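Asks: Numbering (the numbering used here), first residue to last: 2 to 111.
C-beta: ideal position from N, C-alpha, C; glycine also.
None of these values were measured; they are calculated from a predicted model.
(1) Below 8 Å on the Cβ atoms is my contact criterion, and I expect residue 26 with residue 8 to pass it. Report the Cβ-Cβ distance as a whole number of Å.
(2) Which residue wins for smallest C-alpha separation from residue 3, given the options 19, 18, 30, 22?
(3) Look at residue 42 and residue 63 and say whether their C-beta atoms are less than 8 Å apart.
(4) Since residue 14 sits in a beta bridge, which residues does DSSP pair it with?
(5) Check residue 78 in the structure and name its three-state DSSP category.
(6) Could you check the C-alpha separation between residue 11 and residue 23 for me, to the nearest Å?
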């Protein structure tokens, strides 16, 4: 990716008309004296709980130049975004072959 460039993308599967709206992001500028200071938001183990949205909103309100997600995006088998509990996501697919990992079951494939 080129520094200081805005890129546009869509996610989904066009074969079943399941595409997101067009989204965008801008890469960090070319390193140099005029590109600093930079504001960087870093989060890990974000989860999917009743306060995940407020955590993301707080980071966005601080207008970061870069948002870095270091892993552990979600534990979607415990919560819904409205703050209520949900049944085990993985348990809904007991016959799914597990070949991506040595673990017996995981919340997210792909």
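Replies: According to the structure data:
(1) As a first step, residue 26 must be located in the chain shown, where it is residue number 25. As a first step, residue 8 must be located in the chain shown, where it is residue number 7. Correct: roughly 6 Å between the Cβ atoms.
(2) Against the chain shown, residue 3 aligns to sequence position 2. If we check each option's Cα against that of residue 3, 30 comes out closest.
(3) On the chain shown, residue 42 is found 41 positions in, with the first residue counted as 1. On the chain shown, residue 63 is found 62 positions in, with the first residue counted as 1. Going by C-beta atoms, residue 42 is nearer than 8 Å to residue 63.
(4) For the purposes of this step, residue 14 is taken as the residue at position 13 of the chain shown. Residue 14 is bridged to 19.
(5) For the purposes of this step, residue 78 is taken as the residue at position 77 of the chain shown. Low local confidence applies: a pLDDT of 49 at residue 78 is under 50, so the model's placement there is unreliable, with the coordinate-based value given in what follows. Residue 78: coil per DSSP, three-state reduction.
(6) The residue labelled residue 11 in the question sits at position 10 within the chain shown. The residue labelled residue 23 in the question sits at position 22 within the chain shown. Straight-line Cα distance between these residues: approximately 5 Å.
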